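Novice: Numbering (this note's numbering) for the sequence shown: 30 to 103.
Cβ coordinates follow ideal geometry from the N, Cα and C atoms, glycine included.
Treat the numbers as computed from the prediction; the structure is a model and nothing was measured.
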Amino acid sequence: MEADREAIPDDVTTGKQAVAIQRAKELEMAAELTVARAKASEDQALIVQQNANLERHIYRSRSERSSRLIEYWR
Numbered sequence: 030m031e032a033d034r035e036a037i038p039d040d041v042t043t044g045k046q047a048v049a050i051q052r053a054k055e056l057e058m059a060a061e062l063t064v065a066r067a068k069a070s071e072d073q074a075l076i077v078q079q080n081a082n083l084e085r086h087i088y089r090s091r092s093e094r095s096s097r098l099i100e101y102w103r
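1) What is the C-beta distance between A110 and P38, in whole angstroms, given that I count them as a contact (C-beta under 8 Å)?
2) What did DSSP end up calling R103 once you bin it into helix, strand or coil?
3) Alpha carbon to alpha carbon, what distance is there between L83 and R12?
4) DSSP state of I37, grouped into three classes?
And the structure:
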């Protein structure tokens, strides 16, 4: 507790500088978080797109096979 009190600057100018530095760090962390969230969202969208492509590929093959069998048995 005593160390915390000693870490607080005595003069206003130094205190303002410390607050400004802390705010800058917080803004930088918020920006990094925003970038990370955007990347995660982009990755999620890519996964959804790839799953849709895979499903189309799988079911198209089945549908084509079914069509060939129907034509064969006619």
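Specialist: This is what the structure holds:
1) Given a span of 30 to 103 for the chain in the structure shown, any question on residue 110 remains unanswerable.
2) Position 74 of the sequence shown, counting from 1, holds the residue named residue 103. Coil.
3) For residue 12 there is no data in the structure shown, the boundaries of the chain being 30 and 103.
4) For the purposes of this step, residue 37 is identified with residue 8 of the sequence shown, where counting begins at 1. I37: coil per DSSP, three-state reduction.
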